[in-house]
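Counted the way this note's numbering counts, the sequence shown spans residues 65 to 454. No residue lacks a Cβ here, since even glycine has one placed at the ideal position from N, Cα and C.
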Amino acid sequence: MNDQTLIADLRAQLAAQQAAHLYRRRRIQDAPAQPHGSSDGRSVLSFCSNDYLGLANHPDVIAALQHGAARWGVGSGAAHLVNGHTAAHHALEEALAEFTGQPRVLLFSTGYMANLGVITALTGRGDTLFQDRLNHASLLDGAQLSRATLRRYPHCNTNELNQLIAKDPPQLIATDGVFSMDGDLAPLPALMQIARDAGAWLLIDDAHGFGVLGRGGRGSLHHFGLSADETTVVMGTLGKAFGTFGAFVAGAEEVIETLIQRARSYIFTTAMPPALAEATRVSLRLAEREDWRREQLQTLIARFRHGAAQLDLPLANSFTPIQPLLVGTAELALAWSQQLETVGILVSAIRPPTVPAGTARLRITLSAAHSETDVDRLLTALAAIQLPPD
Ligand code: PMP
Numbered sequence: 065m066n067d068q069t070l071i072a073d074l075r076a077q078l079a080a081q082q083a084a085h086l087y088r089r090r091r092i093q094d095a096p097a098q099p100h101g102s103s104d105g106r107s108v109l110s111f112c113s114n115d116y117l118g119l120a121n122h123p124d125v126i127a128a129l130q131h132g133a134a135r136w137g138v139g140s141g142a143a144h145l146v147n148g149h150t151a152a153h154h155a156l157e158e159a160l161a162e163f164t165g166q167p168r169v170l171l172f173s174t175g176y177m178a179n180l181g182v183i184t185a186l187t188g189r190g191d192t193l194f195q196d197r198l199n200h201a202s203l204l205d206g207a208q209l210s211r212a213t214l215r216r217y218p219h220c221n222t223n224e225l226n227q228l229i230a231k232d233p234p235q236l237i238a239t240d241g242v243f244s245m246d247g248d249l250a251p252l253p254a255l256m257q258i259a260r261d262a263g264a265w266l267l268i269d270d271a272h273g274f275g276v277l278g279r280g281g282r283g284s285l286h287h288f289g290l291s292a293d294e295t296t297v298v299m300g301t302l303g304k305a306f307g308t309f310g311a312f313v314a315g316a317e318e319v320i321e322t323l324i325q326r327a328r329s330y331i332f333t334t335a336m337p338p339a340l341a342e343a344t345r346v347s348l349r350l351a352e353r354e355d356w357r358r359e360q361l362q363t364l365i366a367r368f369r370h371g372a373a374q375l376d377l378p379l380a381n382s383f384t385p386i387q388p389l390l391v392g393t394a395e396l397a398l399a400w401s402q403q404l405e406t407v408g409i410l411v412s413a414i415r416p417p418t419v420p421a422g423t424a425r426l427r428i429t430l431s432a433a434h435s436e437t438d439v440d441r442l443l444t445a446l447a448a449i450q451l452p453p454d
């Protein structure tokens with residue numbers, strides 16, 4: 065194949081993606097984590113961000129980042145195991161261990177890498193691992209990379225999981241705590257019991273639970289009144305409710321030490337900037353103490369769900385800040401999102417392969433930084449949507 069053929073192939077694939085309404089386009093935002101800003105130069109009200117508690121623009125968090133940069137510089141300069149690990153990282157790990165109630169915590173540069181790291185460190189060729197069908201892409205990719213056999217069970221269906229496990233005992237079961245595109249919760253009490261009975265690790269990706277659920281935002285396990293077993297490993301991200309960037313894994317001493325020795329996505333990458341660790345320590349404290357942010361979220365969620373039900377909109381079964389509207393086809397999801405955009409409201413159209421075919425949706429995310437007036441404006445715009453006939 066010559067260069068021209070290679071480029072022509074890509075051009076054809078991109079055109080096919082566009083024709084299937086699956087093309088993704090970036091926009092230039094001037095205030096990405098804020099409800100009010102501009103997108104491609106037009107003023108917008110946005111319901112796309114995962115900054116659930118409204119901490120990404122908190123003055124104390126910004127000041128901590130600035131002081132951190134003045135103290136440590138901008139880049140960490142190296143991987144944790146070379147010489148990128150600082151007292152700022154260490155202090156954040158200790159604060160997160162106390163927050164989660166787990167023996168030890170390890171920072172990762174992103175949640176995607178944390179999931180790859182845990183799964184590849186704890187499973188390998190010859191093992192079986194089970195995952196919920198709607199788990200985040202990074203958990204599924206981690207399974208591919210581990211070379212273990214990946215089996216997927218129907219969404220939240222623990223009966224089916226039990227039957228599958230009886231035939232093929234797993235080394236690890238992995239689930240989102242809060243499902244990122246659906247907003248519903250994993251049945252953690254049952255999953256913990258199943259993992260215990262099977263003698264398997266339970267990995268909970270609580271990217272969307274930490275900060276939002278449980279007392280002080282301690283996450284999905286706390287929401288259910290559970291505490292982690294020695295064989296429970298919890299992953300949390302810092303770029304969502306905590307408003308900064310990065311991720312962490314919380315677990316037993318031996319698990320964390322194993323990750324340090326074996327997780328390639330930990331070992332072979334640059335440590336997060338120490339200034340970010342400083343900023344996160346401040347946002348963690350705010351997230352924990354300022355219950356009004358979670359209360360404001362609950363008020364907005366109830367208001368949105370009440371209004372959407374009155375309009376007979378296709379609401380999902382979610383009481384978290386992720387409030388999808390299940391519209392069906394990729395084309396419809398795009399049409400809804402484009403109509404909202406014409407009145408200055410930004411909502412992401414989520415299409416395959418992010419979600420299964422036929423379940424395309426608008427992913428509305430609410431934040432404590434939204435006001436009740438913002439939610440009412442969204443509802444008014446949704447009520448006015450006119451779709452072309454089929
Ligand atoms: N897990 C889940 C459930 C997520 O929603 C995300 C982020 N979209 C990740 C992991 C990855 O986290 P990060 O953005 O920090 O890589």
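If you draw a 10 Å sphere on the C-beta of Glu-342, you find 16 or more other C-beta atoms in it, and that means buried.
Excluding its 5 nearest sequence neighbours in each direction, Gln-81 has C-beta neighbours in its own chain below 7 Å: Tyr-87, listed in chain order.
In terms of CA proximity to Leu-323, Arg-168 leads the group Ile-449, Arg-135, Ser-103, Arg-168. Annotation for Arg-189: Arg-211 place their beta carbon closer than 6 Å to its own, counting only its chain and skipping 5 residues before and after. The secondary-structure analysis by DSSP pairs Gln-387 across a beta bridge with Ile-428. For Gly-315, the enclosing beta strand (DSSP E) starts and ends at 311-315. Burial check for Leu-78: the Cβ neighbour count within 10 Å stays below 16, so the residue is exposed. Here the distance from the Cβ of Ser-284 to the nearest heavy atom of the ligand PMP is not below 7 Å. Residues of the same chain with a CB within less than 6 Å of the CB of Ala-120, apart from the 5 flanking positions on each side, are Ala-97, Gly-307 in chain order. With respect to the 8 Å criterion, Leu-109 and Asp-438 are classified as neighbours on the basis of their beta carbons. Restricting attention to Pro-218, Leu-193, Gly-371, the CA atom closest to the CA of Gly-206 is found in Leu-193. For Ser-401, the enclosing alpha helix (DSSP H) starts and ends at 394-406. Only residues of its own chain outside the window of five on either side were considered, and among them Leu-379 have a CB closer than 7 Å to the CB of Ala-373, listed in chain order. Under the 8 Å Cβ criterion, the stretch 312-320 counts as touching the stretch 283-298, having at least three qualifying pairs. For the stretch 123-175, the full-length alpha helix (DSSP H) segments reaching 4 residues or more read 123-136, 151-164 along the chain. DSSP places His-100 in the strand class (E or B) of the three-state scheme. With fewer than 16 other Cβ atoms inside 10 Å of its own Cβ, Pro-420 counts as exposed. Taking 7 Å as the cut-off, one finds no heavy atom of the ligand PMP near enough to the beta carbon of His-153.
Separation of Asp-67 and Ala-84 (C-alpha to C-alpha, rounded to the nearest whole angstrom) is 26 Å. In this structure, Gln-403 and Ile-449 form a Cβ contact; the two beta carbons are roughly 5 Å apart against a cut-off of 8 Å. Asn-226 has its Cβ no nearer than 7 Å to any heavy atom of the ligand PMP.
Relative to the ligand PMP, the beta carbon of Asn-381 is positioned no closer than 7 Å to any heavy atom. When Gln-208, Gly-141, Gln-195, Asn-199 are compared, the shortest CA-CA separation from Leu-228 is found for Gln-195. Distance from the C-beta of Tyr-330 to the nearest heavy atom of the ligand PMP is not below 7 Å. The stretch 268-283 and the stretch 329-343 do not touch, with fewer than three beta-carbon pairs separated by less than 8 Å.
Put simply, the backbone Cα of Ser-102 is about 21 Å away from that of Pro-123. Between the alpha carbons of Leu-74 and Ala-433 lies a distance of about 41 Å. With a threshold of 16 other beta carbon atoms within 10 Å, Pro-417 falls short and is exposed. Taking each of Phe-111, Arg-90, Gly-148 in turn and checking the Cα distance to Ala-339, the smallest one comes out for Gly-148. Across the set Thr-384, His-131, Glu-405, the C-alpha of Thr-384 shows the shortest separation from the C-alpha of Arg-369.
The DSSP-derived three-state label of Gln-93 is strand.
Listed in chain order, the beta strand (DSSP E) runs fully inside the stretch 239-327 are 265-269, 296-301, 311-315, counting runs of at least 3 residues.
Within the same chain, and ignoring the five residues on either side of Cys-220 in sequence, the residues whose Cβ sits closer than 6 Å to its Cβ are Pro-251. DSSP places Leu-375 in no beta strand (DSSP E); its state is neither H nor E. Taking C-beta atoms as the reference points, Ala-351 and Gly-275 count as a pair closer than 8 Å.
Not one heavy atom of the ligand PMP sits closer than 7 Å to the Cβ of Tyr-116.
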